[in-house]
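Written out below as structure tokens is the structure these notes cover.
2 protein chains.
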Amino acid sequence: MDIQHYMNQLGQRARAASRAMARADTATKNQALSLIAAAIRREAPALRAANELDLAAARAHGMEAAMLDRLTLSDQAIATMALGLEQIVSLADPIGEISNMKYRPSGIQVGQMRVPLGVIGIIYEARPNVTVDAAGLCIKSGNATILRGGSEAIHCNQALAQLVRAGLQGAGLPAEAVQVVETTDRAAVGALITMPHYVDVIVPRGGKGLIERLMREATVPMIKHLDGICHVYIDDQADLQKALEIAFNAKCHRYGTCNTMETLLVAQAVAAQVLPALADRYAGQQVELRCDPAAAQILAGYPQLVQASEADWSTEYLAPILAVKVVADMDEAIEHINAYSSKHTEAIVTENYSRALRFLREVDSASVMVNASTRFADGFEYGLGAEIGISNDKLHARGPVGLEGLTSLKYVVFGHGEVRE
Amino acid sequence: MDIQHYMNQLGQRARAASRAMARADTATKNQALSLIAAAIRREAPALRAANELDLAAARAHGMEAAMLDRLTLSDQAIATMALGLEQIVSLADPIGEISNMKYRPSGIQVGQMRVPLGVIGIIYEARPNVTVDAAGLCIKSGNATILRGGSEAIHCNQALAQLVRAGLQGAGLPAEAVQVVETTDRAAVGALITMPHYVDVIVPRGGKGLIERLMREATVPMIKHLDGICHVYIDDQADLQKALEIAFNAKCHRYGTCNTMETLLVAQAVAAQVLPALADRYAGQQVELRCDPAAAQILAGYPQLVQASEADWSTEYLAPILAVKVVADMDEAIEHINAYSSKHTEAIVTENYSRALRFLREVDSASVMVNASTRFADGFEYGLGAEIGISNDKLHARGPVGLEGLTSLKYVVFGHGEVRE
Chain A
1 MDIQHYMNQL GQRARAASRA MARADTATKN QALSLIAAAI RREAPALRAA
51 NELDLAAARA HGMEAAMLDR LTLSDQAIAT MALGLEQIVS LADPIGEISN
101 MKYRPSGIQV GQMRVPLGVI GIIYEARPNV TVDAAGLCIK SGNATILRGG
151 SEAIHCNQAL AQLVRAGLQG AGLPAEAVQV VETTDRAAVG ALITMPHYVD
201 VIVPRGGKGL IERLMREATV PMIKHLDGIC HVYIDDQADL QKALEIAFNA
251 KCHRYGTCNT METLLVAQAV AAQVLPALAD RYAGQQVELR CDPAAAQILA
301 GYPQLVQASE ADWSTEYLAP ILAVKVVADM DEAIEHINAY SSKHTEAIVT
351 ENYSRALRFL REVDSASVMV NASTRFADGF EYGLGAEIGI SNDKLHARGP
401 VGLEGLTSLK YVVFGHGEVR E
Chain B
1001 MDIQHYMNQL GQRARAASRA MARADTATKN QALSLIAAAI RREAPALRAA
1051 NELDLAAARA HGMEAAMLDR LTLSDQAIAT MALGLEQIVS LADPIGEISN
1101 MKYRPSGIQV GQMRVPLGVI GIIYEARPNV TVDAAGLCIK SGNATILRGG
1151 SEAIHCNQAL AQLVRAGLQG AGLPAEAVQV VETTDRAAVG ALITMPHYVD
1201 VIVPRGGKGL IERLMREATV PMIKHLDGIC HVYIDDQADL QKALEIAFNA
1251 KCHRYGTCNT METLLVAQAV AAQVLPALAD RYAGQQVELR CDPAAAQILA
1301 GYPQLVQASE ADWSTEYLAP ILAVKVVADM DEAIEHINAY SSKHTEAIVT
1351 ENYSRALRFL REVDSASVMV NASTRFADGF EYGLGAEIGI SNDKLHARGP
1401 VGLEGLTSLK YVVFGHGEVR E
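Next up, the structure:
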């Protein structure tokens, strides 16, 4: 099989299908999504059987338990996929919306119309639900998509792809609007990220290694997510009860998510009060605290205390480990954040109005919060309805990326015969 | 001189200055712009003297007349630069605006705040006015900038940079917010486009050769402009008088601009009526017509008639030359445009409501127009106040790029102690 030739064919078909998708009206796109949701519910036994093939192969290859867990398509996961599609049906169609339409002195009217990006390539790892979530978001936003899932999930992904194709065709849309790459050859990824003629944007969902490789090789632009080194800063004018709740929730609600706090900064003036109270709660969850000298002095005797090294300030633990630093004031906190953060999500806990506004403005991250847990940085929590990822980039989409991030704004001009003088 | 070391220093200083610029309030940024405008007016003789050094060197190197013309800083051009800065003063400050703020069921309020991109690198060729226009847009949008102008304009650019630095300092802003690269070594460009740690985006302004080279080598994202292969489609339900005016203006108003029409498409049903009338007007301007067989048959006898080759459909002439093709209907016109256009600007002339709406939606270009000349695709005409370029890309900024294109939206969350359940 000539991979480059195969991928070119997928690209050509996707480009052709993207024109039909851009023209499709809201009711048609919703019909396709509803048909796919119904088929997923109906075909649950077949999907589980396909998933069982993947799981058997994965076990034979000695896949570790956490990965097996991510690969497993339970009845619950199947129901959630179908429900996710139905939630996308209920979202407003972003396509065709015209904003800022105004008359200009020349007589023309100028506005901006929201349109699909075109063809979106999505590269992801084990979780098979991404196949359906991503297909749903791309269909609703009028895009065609090429999905390249992990080789571990190939049977399950192909079974899902079959249902998606049938749903598209049932609504009168081209089946090629959603194509799943049917080879597990890694060269397919290399081809997909270097076809700017056929693919408008790549959305990689995976570990740092995958994304760094893509960044080096891709000629197609990416909406990408790197790591989440998120900070909470507890100000000396914080409500200490709020500070305890937020700092505990931001670390312990879930350890493996990108919006989990990895470094806690505490103002010197309240450190001796805040840190021991917080440590009591962390101790209950066996959280290891990697402390700078000032924090270590205050927390002497904490059972899992480690001296922080320089590397701790830029490490995403994704585990019950937290870096802790005492800072002089908010200025030092902002300086630390802008130096070490991965520009994902940061929060301040304070009751001081002026500091809250300054923190919001001066911290250069995709999400900046006052008196809330970093765990809220999420498409569902923000009201986007669904997300295809969270972008650390500043250009185009920043933060959780929903339907709107998969669109572009073009200028539209309504004229009446005007010419330039 | 170690170019990489020198560029790293510029980058570090720009990054530091960008933090102060992001914090600067509107009045301070406007004061800097007004001081620079006043200095440019006051120092006009010194600027002309610096320009004279560049011109003398350029003549000695045998620069051609058109390039010498672009390099010349006339009294008129100096006044226009100062006026341009004063117009930027009068534009609303985009920074800090919060949009879409709403309560979520969890209790948090979520919105999006407009913030500067950070550090913008601008690479341009002969015209020295870009130094001031770009500096002005970056200052107003709260960004730091590194400007790399053409080596031909080095004396003039340095004289202008001196005035910009003084204006920034006079307003209490860091002089390093606008830095002009002081070496003409081409390695400086290579360094600038590969410093993602210091530079957030590159805006190249120059010929296709420059931009294609940058696209191959850059690791910093670009807001870029390639060529403008713009189309006008005259529908069989066009108002023929409007069609004549628009097709004439779109080609003949100015030949060398990117929003000039390069290909005219005419519906078969009206071709025999439209083309001879239009040819009468083009003949008066000695416009060469490169015709497909059907158009050539209708226009037989036109003094500057040439048979079109396949290459003509994808050529940006920037000259009194026009490709002409007869199409069956709007569908064929849209198909031709989406195949050959550079996705800059396209117009339809029609009185048919449904076709107008379909053309607006289905043509995949940065600007799509009904009954108006493509020459309107321009930041001033669209009401952006000023433009740093016109983007052919779909991600981030599309079409004319003004202050807003130099900004990003970050999510801001106003909480009251909320944590995730």
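In the order they appear, the protein sequences are chains A and B. Under the numbering used here, the first residue of the first sequence is numbered 1, with each subsequent residue one higher. Under the numbering used here, the first residue of the second sequence is numbered 1001, with each subsequent residue one higher. Cβ coordinates follow ideal geometry from the N, Cα and C atoms, glycine included.
Between residue i and residue j, is the Cβ-Cβ spacing less than 8 Å?
i                      : j                      : result
residue 1442 (chain B) : residue 1279 (chain B) : Past the boundaries of the shown model lies residue 1442 (chain B); chain B is included only from 1001 to 1421, so the question cannot be answered.
residue 66 (chain A)   : residue 232 (chain A)  : no
residue 1251 (chain B) : residue 1306 (chain B) : no
residue 1047 (chain B) : residue 412 (chain A)  : no
residue 1272 (chain B) : residue 1298 (chain B) : yes
residue 1121 (chain B) : residue 1223 (chain B) : no
residue 1331 (chain B) : residue 1267 (chain B) : no
residue 1340 (chain B) : residue 1367 (chain B) : no
residue 1054 (chain B) : residue 1161 (chain B) : no
residue 983 (chain B)  : residue 1031 (chain B) : Nothing about residue 983 (chain B) can be read from this structure; chain B reaches only from 1001 to 1421.
residue 1129 (chain B) : residue 1081 (chain B) : yes
residue 389 (chain A)  : residue 401 (chain A)  : yes
residue 1182 (chain B) : residue 1158 (chain B) : yes
Is it buried or exposed, residue i, if we count other Cβ atoms within 10 angstroms and call 16 or more buried?
i                      : result
residue 127 (chain A)  : buried
residue 176 (chain A)  : buried
residue 1391 (chain B) : buried
residue 1131 (chain B) : buried
residue 207 (chain A)  : exposed
residue 1430 (chain B) : Because chain B here runs from 1001 to 1421, residue 1430 (chain B) falls outside it and cannot be looked at.
residue 1226 (chain B) : buried
residue 1010 (chain B) : buried
residue 90 (chain A)   : exposed
residue 1335 (chain B) : exposed
residue 1394 (chain B) : buried
residue 42 (chain A)   : exposed
residue 74 (chain A)   : exposed
residue 1309 (chain B) : exposed
residue 1302 (chain B) : buried
residue 378 (chain A)  : buried
residue 254 (chain A)  : exposed
On a CA-only basis, which of the options is nearest residue i? Give me that one, please.
i                      : options                        : result
residue 94 (chain A)   : A:409, A:56, A:414             : A:409
residue 1217 (chain B) : B:1388, B:1196, B:1227         : B:1196
residue 1163 (chain B) : B:1044, B:1153, B:1235, B:1125 : B:1044
residue 229 (chain A)  : A:285, A:298, A:300, A:311     : A:311
residue 15 (chain A)   : B:1220, B:1303, B:1338         : B:1338
residue 72 (chain A)   : A:51, A:380, A:295, A:88       : A:51
residue 96 (chain A)   : A:115, A:105, A:86, A:83       : A:115
residue 1180 (chain B) : B:1013, B:1419, B:1379, B:1355 : B:1013
residue 6 (chain A)    : A:146, A:58, A:21, A:281       : A:146
residue 1387 (chain B) : B:1135, B:1281, B:1282, B:1263 : B:1135
residue 212 (chain A)  : B:1213, B:1212, B:1214, B:1219 : B:1219
residue 418 (chain A)  : A:103, A:99, A:88, A:78        : A:103
residue 1356 (chain B) : B:1178, B:1139, B:1239         : B:1239
residue 318 (chain A)  : A:139, A:261, A:60             : A:261
residue 427 (chain A)  : A:129, A:138, A:125, A:349     : Residue 427 (chain A) lies beyond the residue range present for chain A, which begins at 1 and ends at 421; the question has no answer from this structure.
residue 17 (chain A)   : A:81, A:165, A:155             : A:165
residue 1210 (chain B) : B:1082, B:1149, B:1237, B:1415 : B:1149
residue 58 (chain A)   : A:28, A:416, A:284, A:151      : A:151
Sorry if obvious, but does the Cβ on residue i come closer than 7 Å to a heavy atom of the ligand FAD?
i                    : result
residue 53 (chain A) : Ligands displayed in this structure: none; no statement on the ligand FAD is therefore possible.
Discussion item. Counting beta carbon pairs with one atom in the region 1167 to 1185 of chain B and one in the region 1235 to 1244 of chain B, are three or more of them shorter than 8 Å?
Written reply: no
Worksheet item: In chain order, what residues of the region 136 to 148 of chain A put their CB closer than 7 Å to some CB of chain B?
Response: none
Fill in: Proximal residues, the region 393 to 408 of chain A versus chain B, C-beta separation under 7 Å
394, 395, 396, 398, 399, 408
Worksheet item: For the region 102 to 112 of chain A against the region 177 to 196 of chain A, are there 3 or more C-beta pairs whose distance is under 8 Å?
Response: no
Worksheet item: Mind listing which residues of the region 260 to 283 of chain A have their C-beta closer than 8 Å to chain B's C-betas, in chain order?
Response: none
Item to complete: Using a Cβ-Cβ cut-off of less than 7 Å, list which residues of the region 202 to 226 of chain A approach chain B; keep chain order.
Response: 221
Practice prompt. Would you be able to state if there are at least three C-beta pairs under 8 Å between the region 1020 to 1040 of chain B and the region 1160 to 1169 of chain B?
Written response: yes
Worksheet entry | Touch test, the region 359 to 378 of chain A against the region 178 to 189 of chain A, Cβ-Cβ under 8 Å, three pairs minimum | no
Discussion item. Is it the case that the region 1247 to 1261 of chain B contacts the region 1366 to 1383 of chain B, given that we only count it when at least three CB pairs across the two stretches are under 8 Å?
Written reply: yes
Worksheet item: Taking any Cβ of chain B, which residues in the region 361 to 377 of chain A have a Cβ under 8 Å from it, in chain order?
Response: 361, 362, 364, 365, 366, 367, 368, 369, 370, 371, 372, 373, 375, 376, 377
Item to complete: Could you name the residues of the region 8 to 25 of chain A whose beta carbon sits closer than 8 Å to any beta carbon of chain B, in the order they occur along the chain?
Response: 19, 22, 23
Item to complete: Name, going along the chain, the residues of the region 111 to 130 of chain A whose beta-carbon falls closer than 8 Å to a beta-carbon of chain B.
Response: 113, 115, 117, 118
Discussion item. Can you pull out the residues from the region 1409 to 1420 of chain B whose beta carbon lies closer than 9 Å to at least one beta carbon of chain A?
Written reply: 1409, 1410, 1411, 1412, 1413, 1414, 1415, 1416, 1417, 1418, 1419, 1420
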